[in-house]
Structure formats: structure tokens, C-alpha cells
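Right, one structure below, let's go through it.
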Amino acid sequence: MRVKMGTVVPKMGTFVHLVEEPTDYRTAIAMALHEELDDTHRAIKMAMRWTGASERTVKYWFSGERGPSGDHLIALARHSDAVLYVVLALAGRHIVEDSDN
Numbered sequence: 130m131r132v133k134m135g136t137v138v139p140k141m142g143t144f145v146h147l148v149e150e151p152t153d154y155r156t157a158i159a160m161a162l163h164e165e166l167d168d169t170h171r172a173i174k175m176a177m178r179w180t181g182a183s184e185r186t187v188k189y190w191f192s193g194e195r196g197p198s199g200d201h202l203i204a205l206a207r208h209s210d211a212v213l214y215v216v217l218a219l220a221g222r223h224i225v226e227d228s229d230n
């Protein structure tokens, strides 16, 4: 478990910049969940509410041992911008926002 120190400045907008782009599905989803929800028991409870999955299942997702499938992945993407962007990035479908609008 990593220790955070100092003040954290929230990222502006909805685009999430990952430090590295993982190619492994399970690792990518775990990174997105940590980015969106952090690494607390409260985060696990939130993901459980979003998906209806069990606590053990969500803990597997956070650890990167397993990845969500089907309905759970769609529910996560519905609630989490980070998960949505990671899934699109893994599919090679990067979203580019047009600033002229």
C-alpha cells in the first residue's frame, strides 16, 4: 500500500492521463479503478454498488488478478470515466476532444 503525502491537486476535465499505458486488460482496469476511486475500503464498496458484484470480486479487480467481464465492465464504464478511457485505449479508440467547439 502506498502512502500519500502532501496536498493532491484534482485533475481538471474528464480525460485521465495514465503514467504508463498497460497492455494487459486486468492491469489496465486495476490502474483505472485506483485512479478513479483510490485504494480504500470505501472505494471497494463504491465499485460494489456500481456493479452489484461481491466484495471478493471487486478486490480481485483492484489487485489486477482478474478483470471484470461483460455486465460488470459496462457498469464500471457507466460510472467511471477512467475505466471508459482505459477500455477505449485498449481497443485503440482514443478520444480526442476538439477545443474549437
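Mapping of the sequence shown onto my numbering: position 45 corresponds to residue 174, and the numbering continues sequentially without gaps.
Ideal Cβ placement from N, Cα and C applies to all residues, glycine included.
Exposed or buried, what is residue i when buried is set at 16 or more other beta-carbons lying within 10 Å of its beta-carbon?
{"i": "M130", "result": "Confidence is the limiting factor: at M130 the pLDDT is only 48, short of 50, which leaves the residue's position unreliable, though a coordinate-based value still follows. Exposed, since its Cβ has fewer than 16 Cβ neighbours within 10 Å."}
{"i": "E184", "result": "exposed"}
{"i": "A220", "result": "exposed"}
{"i": "L213", "result": "buried"}
{"i": "L217", "result": "exposed"}
{"i": "H223", "result": "exposed"}
Residue i by DSSP, collapsed to three states: which one?
{"i": "I224", "result": "coil"}
{"i": "T152", "result": "coil"}
{"i": "R195", "result": "coil"}
{"i": "D200", "result": "helix"}
{"i": "T186", "result": "helix"}
Answer yes or no: do residue i and residue j have a C-beta to C-beta separation smaller than 8 Å?
{"i": "G193", "j": "R155", "result": "yes"}
{"i": "T180", "j": "L205", "result": "yes"}
{"i": "I203", "j": "V187", "result": "no"}
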